[in-house]
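Taking this note's numbering, the leading residue of the sequence shown gets 64, the next gets one more, and so forth.
No residue lacks a Cβ here, since even glycine has one placed at the ideal position from N, Cα and C.
This structure is a prediction, so every number in the text was calculated from the model and none was measured.
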Amino acid sequence: TQMYLCTDWHFLGTCGYAVQPLNQCIHLDSPWWHSVSSMGPDSGTVCNIYSDYSCNTLIYRDLRNPGSSDLGEKGINDQMGSFQCRAG
């Protein structure tokens with residue numbers, strides 16, 4: 064699946080768009096570690112968001128397309144350390 068991440072709300076700031084494997088923990092490093100404020104997965108993809116680096120500490124379940132332009136509204140702004148997506 065493809066994931067779009069940005070360090071600012073409304074998909075602004077430093078942004079990245081990359082193909083990520085399904086059913087695998089994606090570890091975030093700089094500049095993404097605890098800095099993501101908006102994110103959007105592809106259609107047909109469901110993602111869980113974790114605060115730690117290894118997909119152990121769940122902070123948000125089942126983020127779906129179009130994602131969120133303001134992760135602060137979900138109470139998880141600048142808290143993501145990893146994520147894992149699956150078909151859904």
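S101: first and last residue of the uninterrupted beta strand (DSSP E) it sits in:
101 to 104
Could you spell out the range, first to last residue, of the beta strand (DSSP E) harbouring G130?
Premise fails: G130 is in no beta strand (DSSP E) and is neither H nor E.
Run through the DSSP bridge pairs and tell me what T108 is partnered with.
A150
Quick check on this structure: which residue in M66, D105, H97 has the alpha carbon closest to the alpha carbon of I139?
H97
Just tell me which of H90, D92, M102, T64 has its CA closest to the CA of W72.
M102
Cβ shell of D125 (< 6 Å), same chain only, five flanking positions each side left out
V109
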